[in-house]
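Accompanying notes for the structure given below.
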Amino acid sequence: FQPLLIGLAGFLILIGLILFFSAFKPTHRKPGLYKDYSDGHIYVSRKSIENTVYDTLKQYDDIRQPNVISKLYNKKNNSYIDIKADYLVPTSTTNVQTLNEKIRNDIKESVEHFAEIPVRKLEINVRDQRKNSNEPRVV
Numbered sequence: 436f437q438p439l440l441i442g443l444a445g446f447l448i449l450i451g452l453i454l455f456f457s458a459f460k461p462t463h464r465k466p467g468l469y470k471d472y473s474d475g476h477i478y479v480s481r482k483s484i485e486n487t488v489y490d491t492l493k494q495y496d497d498i499r500q501p502n503v504i505s506k507l508y509n510k511k512n513n514s515y516i517d518i519k520a521d522y523l524v525p526t527s528t529t530n531v532q533t534l535n536e537k538i539r540n541d542i543k544e545s546v547e548h549f550a551e552i553p554v555r556k557l558e559i560n561v562r563d564q565r566k567n568s569n570e571p572r573v574v
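This is the structure in structure tokens:
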């Protein structure tokens, strides 16, 4: 019975040492997307993707208060990007559906051109400009 306890204790000490040293192992990669080439790699950050979307939305005069959230997925064979964008459109604007389709295509095209990584999912939400018409407006 005693050799079994010594063996089990040795095994648990070994697992403990492995976990202890792996906790201090430095992470060499920042969160983002890496593309490896024969002479190096390219790093694309989440902030740069979001700035590209903001620059695309800035081209449209009918867009107010844009908000962009992107998620980058770094897989071995296929990396991809998910983007969520929401903004206000003034009530005086007509053809909101056409505007949204145009914005959607422009965002997808500009991000894929910039990062050379496909956009898997692109969500666009048009927020309601007027939350409650009964409340007084604060200026």
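So this note's numbering is basically just the index in the sequence shown, starting at one, shifted up by 435. Ideal Cβ positions, reconstructed from N, Cα and C, are used throughout, including at glycine.
Less than 6 Å between C-beta atoms, sequence neighbours within five positions excluded: which residues of the same chain meet that for residue i?
{"i": "Asn509", "result": "Leu468"}
{"i": "Lys537", "result": "none"}
{"i": "Tyr515", "result": "Tyr508, Pro553, Arg555"}
{"i": "Ile542", "result": "Val488, Thr491"}
{"i": "Asp521", "result": "Asn502, Asn560, Arg562"}
{"i": "Pro438", "result": "none"}
Would you give the residue range spanned by the beta strand (DSSP E) that residue i belongs to?
{"i": "Lys556", "result": "554-562"}
Looking at the secondary structure, which residues open and close the alpha helix (DSSP H) in which residue i lies?
{"i": "Phe456", "result": "437-458"}
For residue i, which residues from the same chain have a beta carbon less than 8 Å from its beta carbon, with the 5 sequence-adjacent residues on both sides left out?
{"i": "Ile484", "result": "Ser505, Leu507, Ile516, Ile518, Val546, Phe549, Ala550"}
{"i": "Asn535", "result": "Ile559, Val561"}
{"i": "Tyr472", "result": "none"}
{"i": "Arg481", "result": "Pro466, Gly467, Ser505, Lys506, Leu507"}
Any beta carbon of chain D sitting closer than 9 Å to that of residue i?
{"i": "Ser545", "result": "No chain D is present in this structure, which holds just one protein chain."}
To which residues of the same chain is residue i closer than 7 Å at the C-beta, ignoring the five residues directly before and after it?
{"i": "Leu445", "result": "Going by the sequence as given, residue 445 is Gly instead of Leu. Excluding residues within five positions, none has a Cβ falling inside 7 Å."}
{"i": "Val531", "result": "Val524, Val561"}
Quiz item: Taking one C-beta from the region 446-457 and one from the region 489-509 each time, how about it: are there three or more such pairs within less than 8 Å?
Solution: no
Quiz item: Which ranges would you report for the beta strand (DSSP E) in the region 463-551 if only whole runs of at least 3 residues count?
Solution: 468-472, 475-479, 499-508, 515-523
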